[in-house]
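First up is the structure itself, then whatever we jot down about it.
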Amino acid sequence: MRVFWTPLHEPATRPSFWSRMLPITPAVALVASVVVAPLVLLIRLSLYAPTAGRGFYSPGTWSLKAYSSTLDGHGLSIVLYTVMFAVAVTVVTLSVSCPMALFMSALPRPYQILALVLLLVPKSAGLLAMLFGLQRLLPRGNVGAVIAEVSLIVPYAVLVLVVQLNSIGRQLPHAAAGLGASACQVLQRVTFPLSLPGILVAGQLALIWSLGGFLGPLFLGGPHQTTLSVELYRQAFDYSRWPRAAALAVELMGVTMLVIWLCGRVYSGRSFAGPDRISAGGATG
Amino acid sequence: MVHSTRAGHCILRIFGWTATGCLLFPVLFCAWVSFSPDRLFSAPITNWSLRWYCEFFQDARWISAAVRSVAVAMIAAIISVGAAAPVAWRLAQRNVALSDRRGNWLHGFILLPVCVPVAALGAGLLPLLSLSGLDGTLISTVLVHTTIGLPIALLIVRSQVSASVVELCSAARGLGGSRAQVIRRVTLPLLSPALAVALMAVFVISLNESVISVFLATPANETLPAVVWPQLRFNASPLVAVASCVTAGVGSIGVFAAVLVMRGGD
Chain S
-9 MRVFWTPLHE PATRPSFWSR MLPITPAVAL VASVVVAPLV LLIRLSLYAP
41 TAGRGFYSPG TWSLKAYSST LDGHGLSIVL YTVMFAVAVT VVTLSVSCPM
91 ALFMSALPRP YQILALVLLL VPKSAGLLAM LFGLQRLLPR GNVGAVIAEV
141 SLIVPYAVLV LVVQLNSIGR QLPHAAAGLG ASACQVLQRV TFPLSLPGIL
191 VAGQLALIWS LGGFLGPLFL GGPHQTTLSV ELYRQAFDYS RWPRAAALAV
241 ELMGVTMLVI WLCGRVYSGR SFAGPDRISA GGATG
Chain P
53 MVHSTRAGHC ILRIFGWTAT GCLLFPVLFC AWVSFSPDRL FSAPITNWSL
103 RWYCEFFQDA RWISAAVRSV AVAMIAAIIS VGAAAPVAWR LAQRNVALSD
153 RRGNWLHGFI LLPVCVPVAA LGAGLLPLLS LSGLDGTLIS TVLVHTTIGL
203 PIALLIVRSQ VSASVVELCS AARGLGGSRA QVIRRVTLPL LSPALAVALM
253 AVFVISLNES VISVFLATPA NETLPAVVWP QLRFNASPLV AVASCVTAGV
303 GSIGVFAAVL VMRGGD
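Here the protein sequences line up with chains S and P, keeping their order. Numbering-wise (the numbering used here), the first sequence opens with residue -9 and increments by one. Numbering-wise (the numbering used here), the second sequence opens with residue 53 and increments by one.
Below you can see the structure in the form of structure tokens.
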């Protein structure tokens, strides 16, 4: 909506630099001090000599021992397990979320909102209750850890996919069906290519969150289900080896950033289907 | 969505409702167990008992942790929305400009808390806070919860600050309103549904923020997840189920209130 007004007074000249910057300063300062500063501190902390359980660090020392002790055979197997765990969780999440999103986008609007709220309530309002129930109901081990992590991520993945499917609307699938396509063909040649951006975003979210997978493996995993986050927690709290914990945190950040970068490459390298591509495919197919 | 086969439609529906039920079941199971009469986690079928609820509400440690959780959540929600709203406003100013590089950097920066693995964040925060002497204070907990809620508050408010809102406000300025008048009489009423939803969203998220709470908890400064956590890990009495259900109950009130506000605004 364009609004046309004749100003009664001259509008103020462009606000000064400080009056533009001041309102956003609290948010920026919060993120800088609560998120960026600890990460920088972690990098320095990981370069201290081992403390053998006394305090956070031995002042004034520099040593790569923390990295060498966490990147040995055992450490690398933890990294490998973290990545495999993340991939497994992502695959299961996507294969559960896509049908659920299809189901929800087909619901009439009030039911759709009800279903989304029902989906979000356990994760947001009752996280502890959900973990408690999962712990009692599922066996410990890989299965339990994967299922727990999946149920923590599925609500958000479904939300992203439902928004994407709603934005596609019902006209194109209806048109395709009117042109003679069966339900399977509509899914395969119309819905899926158009919803691919949403699927990629949901998959990327699931991958990044499950790399930092902590609650699932900790509560529903046994000793073998140790991801980087769980190992980090154990080194910090059970053994009080802070330089090692910091080194593990830096490794975790490194793996996460690598994955984000790879996803960015995949995302930008792909060309997405638009309505023009659909019609071309339909005309020749 | 067109489904030309009824069987396919039915299967999709069954799958959808089953999956939703599976996601809800652990919470319902927890609520069910919290009424069990003895220590054995037996899901009560005939003997329902409020024994554990009585114990919960009489135990000073649980009650103080619960009160602290709610207080921290409320304060964090207010500060978080107050800090995120100007950022959302700034991002909406250049809505049309695709090359709003500074805006994109700002957007990405404020979304940083969501992208960082929680365990790494907690492991970095504990040394930082104890070295700066803020360890174990209420204010540190509030600041951390505020920052964790910032991305969500930003996303919610940003989605409501549309171009028409910005134009209405500049029209009000053009009609001679001062900054303060425009904010009070035009901007805030227009944005109030989004602000209300963002407040409740951050409240609920802060209530359930367990990982960071566990990293930063000291005996004098515990929030409810920090008290529940060791018992969830190692043993438990149904007291844990009660505490989880109390948190879930308070949080659900927040979620449903947010939904009501959104429905009212539609």
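For every residue, glycine included, the Cβ atom is placed at its ideal position computed from N, Cα and C.
Open item on the list: Between the alpha carbons of P/Glu107 and P/Ser121, how many angstroms are there, rounded?
Closed with: Each residue's Cα considered, the two are about 19 Å apart.
- [ ] Output yes if chain S places a C-beta closer than 7 Å to the C-beta of P/Asn99; else output no.
- [x] No, its Cβ sits nowhere closer than 7 Å to a Cβ of chain S.
Open item on the list: Just verifying my parser: in three-state terms, what is the DSSP assignment at P/Leu102?
Closed with: P/Leu102 falls in the coil class under three-state DSSP.
Open item on the list: Under 8 Å: do the segment 73 to 86 of chain P and the segment 103 to 118 of chain S share three or more Cβ pairs, one atom per stretch?
Closed with: Taking 8 Å as the limit for Cβ pairs, the verdict is that the segment 103 to 118 of chain S does touch the segment 73 to 86 of chain P.
- [ ] Over the uninterrupted alpha helix (DSSP H) stretch that includes P/Ala129, give me the two end residues.
- [x] Boundaries of the alpha helix (DSSP H) harbouring P/Ala129: 112 to 145, taken from the DSSP string.
Task: Pair within 7 Å by beta-carbon distance, S/Ala196 and S/Thr80 - done: Their beta carbons are under 7 Å apart, which means S/Ala196 touches S/Thr80 by this criterion.
Task: Distance, P/Val194 Cα to S/Ser8 Cα - done: Contrary to the premise, residue 8 of chain S reads as Trp rather than Ser in this sequence. Cα to Cα, S/Trp8 sits roughly 27 Å from P/Val194.
Open item on the list: Residues of chain P with CB closer than 7 Å to the CB of S/Thr246, please, in chain order.
Closed with: Ordered by position in chain P, the residues that pass the 7 Å Cβ test against S/Thr246 are Pro169.
Task: Sequence ranges, alpha helix (DSSP H) only - wholly within the segment 29 to 114 of chain S, length at least 4 - done: 55 to 60, 63 to 95, 99 to 114, all fully within the segment 29 to 114 of chain S.
TODO: Name the residue from S/Val220, S/Leu35, S/Gly170 whose alpha carbon lies nearest to the alpha carbon of P/Leu183.
DONE: Considering only alpha carbons, the answer is S/Leu35.
Task: Against chain P: residues of the segment 79 to 101 of chain S by CB proximity under 7 Å - done: Along the segment 79 to 101 of chain S, the positions whose C-beta sits under 7 Å from a C-beta of chain P are Val86, Pro89, Met90, Leu92, Phe93, Met94, Ser95, Ala96, read in chain order.
Open item on the list: Taking the beta carbon of P/Arg113 as the centre, do at least 16 other beta carbons fall within 10 Å, making it buried, or is it exposed?
Closed with: By the 16-neighbour rule on beta-carbons within 10 angstroms, P/Arg113 is exposed.
Task: Those runs of the alpha helix (DSSP H) which lie wholly inside the segment 241 to 303 of chain P and span at least 4 residues - done: Restricting attention to alpha helix (DSSP H) runs no shorter than 4 residues, the segment 241 to 303 of chain P encloses them at 263 to 268, 276 to 286, ordered along the chain.
Open item on the list: Within 10 Å of its beta-carbon, does P/Asn260 have 16 or more other beta-carbons around it, so buried, or fewer, so exposed?
Closed with: Sixteen is the threshold: when 16 or more other Cβ atoms of the shown chains lie within 10 Å of the Cβ of P/Asn260, as they do, the residue is buried.
Open item on the list: Let's see if you can read the secondary structure: which residues bound the alpha helix (DSSP H) around S/Pro145?
Closed with: First-last of the alpha helix (DSSP H) with S/Pro145: 132 to 158.
- [ ] Identify, in the order they occur along the chain, each residue of the same chain with its Cβ nearer than 7 Å to the Cβ of P/Val139, setting aside the five sequence neighbours on each side.
- [x] If we look at P/Val139 and ignore the five residues flanking it on each side, its Cβ neighbours are Leu158, Ile162, Leu206.
TODO: Return the chain-ordered ranges of every alpha helix (DSSP H) run that is complete within the segment 186 to 216 of chain P and spans a minimum of 4 residues.
DONE: Segments of the alpha helix (DSSP H) lying fully in the segment 186 to 216 of chain P: 190 to 212.
- [ ] Following the continuous alpha helix (DSSP H) through S/Ser219, name the residue where it begins and the one where it ends.
- [x] 218 to 223 is the extent of the alpha helix (DSSP H) around S/Ser219.
Task: Same chain only: Cβ atoms within 7 Å of S/Ala237, ignoring 5 sequence neighbours per side - done: The residues are Ser36, Ala56, Tyr57, Thr60.
Task: Minimum C-alpha distance to P/Leu102 - residue among P/Ala232, P/Asp152, P/Ala293 - done: Out of P/Ala232, P/Asp152, P/Ala293, P/Ala293 has the C-alpha closest to the C-alpha of P/Leu102.
TODO: Report the rounded CA-to-CA distance for S/Pro28 versus P/Gly176, giving the unit in angstroms.
DONE: Distance between S/Pro28 and P/Gly176, taken at the CA atoms: about 4 Å.
Task: Per-residue DSSP class, three states only, for P/Pro78 - done: Residue state, collapsed to three classes: helix.
Open item on the list: Whole angstroms are fine: how far does the CA of S/Trp52 sit from the CA of S/Ile68?
Closed with: Near 25 Å, if we compare the C-alpha coordinates of S/Trp52 and S/Ile68.
Task: Coarse secondary structure for S/Phe7, derived from DSSP in three states - done: Helix at S/Phe7.
TODO: Mind checking which residues open and close the alpha helix (DSSP H) that includes S/Gln161?
DONE: Where S/Gln161 is concerned, the enclosing alpha helix (DSSP H) stretches over 161 to 168.
Open item on the list: Is there a C-beta anywhere in chain S that falls below 7 Å from the one on P/Ile204?
Closed with: Not one chain S Cβ lies under 7 Å of P/Ile204.
TODO: Keeping to the same chain, check which residues put their C-beta closer than 6 Å to that of S/Ala138; ignore five residues upstream and five downstream.
DONE: Excluding its 5 nearest sequence neighbours in each direction, S/Ala138 has C-beta neighbours in its own chain below 6 Å: Leu124, Gly206, Leu210, listed in chain order.
- [ ] Under the assumption that S/Val25 contacts P/Val168 (Cβ atoms under 8 Å), give the Cβ distance between them as a whole number of angstroms.
- [x] That pair is a contact at about 6 Å.
TODO: Under 8 Å Cβ to Cβ from S/Gly212, same chain only, skipping five residues before and after it: list those, please.
DONE: The beta carbon of S/Gly212 sits closer than 8 Å to the beta carbons of Arg130, Gly131 from its chain, once the five residues preceding and following it are set aside; these are given in chain order.
- [ ] Closer than 9 Å by beta-carbon distance: list the chain P residues that pair up with S/Phe299, in chain order.
- [x] Look at the range of chain S in this structure, -9 to 275, and you will see that residue 299 of chain S is not part of it.
- [ ] Check each residue of the segment 184 to 212 of chain S: if its Cβ is closer than 8 Å to any Cβ of chain P, include it; give the result in chain order.
- [x] The residues in question are Ile198, Leu201, Gly202, Phe204, Leu205, Leu208, Phe209.
Open item on the list: Check whether chain P comes within 7 Å of S/Gly271, counting only Cβ atoms and requiring the distance to be less than that.
Closed with: Note that S/Gly271 scores 40 on pLDDT, short of 50, meaning its location in the model is unreliable; the coordinates nonetheless yield the value given after this. Chain P contact via Cβ: absent.
TODO: Could you work out which residues of chain P lie near S/Ser219, taking near to mean beta carbons separated by less than 8 Å?
DONE: By Cβ distance, chain P contributes Pro169, Val170, Ala171, Ala172.
Open item on the list: Check this for me: beta carbons of S/Ser185 and S/Phe204, under 7 Å apart or not?
Closed with: No, they are not a contact pair.
TODO: For chain P, find out if any of its Cβ atoms is closer than 7 Å to the Cβ of S/Ile143; answer yes or no.
DONE: Output row for S/Ile143: interface = no.
Open item on the list: For P/Ser265, which residues in the same chain have their Cβ closer than 6 Å to its Cβ, ignoring the five residues on either side in sequence?
Closed with: Cβ contact annotation for P/Ser265 (same chain, cutoff 6 Å, sequence separation greater than five): Thr275, Pro277, Ala278, in chain order.
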